[in-house]
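All remarks here apply to the structure that follows.
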Amino acid sequence: MHKLVVANYKMNGSVDFYSSAQKKINKLKLKDTNIVLCPPFVYLPFFKIKNKNVALGCQDISNKVNKKCTGQISPLMLNEFGVKYCIIGHSERRSNGETNIQVCEKVKTACENGIVPIVCVGEESKASKLDVLEEQVTAALSGSNNITPIFAYEPVWAIGSGEIPTVAKINKALSIIKKTAKKLGYNSQILYGGSVNLQNYKELLASNADGFLLGGISLNVDDFISLTKGVENE
Ligand code: PGA
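Using my numbering, read the sequence shown as starting at 683 and increasing by one per residue.
Have a look at this one:
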């Protein structure tokens, strides 16, 4: 299976940043690795993807379609700009009040409109049990059929903290996610996310993860490219 590297730019960047980033990323020669770039909504129209291994994604989606939803972005609008993937249920949105029910509705609206959801799940603290993964995965999948969801295991405590779980813990989490999705009939690709950088990605590649969801490092395009090439060559 191809490895997947997803750039979550969060609420960062500018027209200049994304023009120069895409120029460099469009030139990358990749065989076994695919990239998804997820800028904030307003920058989507500036992307002209010219690389078969690169796709456009976004960081959220409306949980309703054709409803009165001030401030929301519908999947139909995302379709117009060539968006193929959507990060759903990132912990920074969950901590702002996004519920498992809304995550489930968003997965459904994305899938019904040809957008692949990248659903983020993860435990809050280093000491937390991993039970929450089963609950989050089950909730995310409960409203949809015929989808190919991708999951990203992102321990909340590892995001932006410089700390990462052991490979054994990542593999345990991935196996819970995989088993839960399988019980519901899905064979999901699962990424790891949280403080991945040039120093630790090789260690993390030794886990069973199918790729990475990258935050901070995506903002340094040269580092992002080095990491992606490293993933490709592993
Ligand atoms: P980080 O963020 O790589 O900066 O830890 C990952 C994420 O929030 O998806």
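Cβ coordinates follow ideal geometry from the N, Cα and C atoms, glycine included.
Member of the options whose CA lies at the smallest distance from the CA of residue i
i: D742; options: S701, Q704, K692, N748; result: K692
i: S773; options: G875, E914, L880; result: G875
i: D714; options: E787, K734, V798; result: K734
i: K854; options: S744, K811, W839, E787; result: K811
i: P727; options: P847, L887, F763; result: F763
i: V849; options: Y835, L886, Q784, Q881; result: L886
i: I859; options: P837, I846, Y883; result: P837
i: D892; options: T781, L760, I872; result: I872
i: G739; options: Q754, L760, K732, G753; result: L760
i: S777; options: P799, E794, V803; result: V803
i: S696; options: I783, L712, P721; result: P721
Under the three-state DSSP convention, the category residue i falls into
i: Q871; result: strand
i: F833; result: strand
i: F723; result: helix
i: L738; result: strand
i: K706; result: helix
i: C767; result: In the sequence on display, residue 767 carries Tyr and not Cys. Of the three classes helix, strand and coil, the one that applies to Y767 here is strand, per DSSP.
i: C802; result: strand
i: L866; result: coil
i: A809; result: coil
i: Y691; result: coil
i: E914; result: helix
i: C751; result: coil
i: G898; result: helix
i: S907; result: It should be pointed out that residue 907 corresponds to Ile in this sequence rather than to Ser. Residue state, collapsed to three classes: helix.
i: S917; result: The structure shown does not extend to residue 917, since the chain is modelled only from 683 to 916, so the question has no answer here.
i: S857; result: helix
i: T781; result: coil
i: V878; result: coil
i: I852; result: helix
i: A888; result: coil
i: F728; result: helix
i: P847; result: coil
i: N733; result: coil
i: S701; result: helix
i: N655; result: Since the first residue shown for the chain is 683 and the last is 916, residue 655 is missing from the structure and cannot be characterised.
Contact test: residue i Cβ vs ligand 1 heavy atom, cutoff 8 Å
i: C740; result: no
i: H684; result: no
i: K713; result: no
i: S756; result: no
i: S777; result: no
i: N694; result: no
i: L896; result: yes
i: S773; result: yes
i: A834; result: yes
i: I899; result: yes
i: V687; result: no
i: V878; result: yes
i: A840; result: yes
i: G875; result: yes
i: S843; result: yes
i: C802; result: yes
i: N882; result: no
i: N890; result: no
i: N690; result: yes
is_contact[residue i, chain C] using C-beta, thresh 9 Å
i: E914; result: The chain labelled as chain C is not found in the depicted structure, where only one protein chain is given.
Per DSSP, the bridge partner or partners of residue i
i: L686; result: N716, G893
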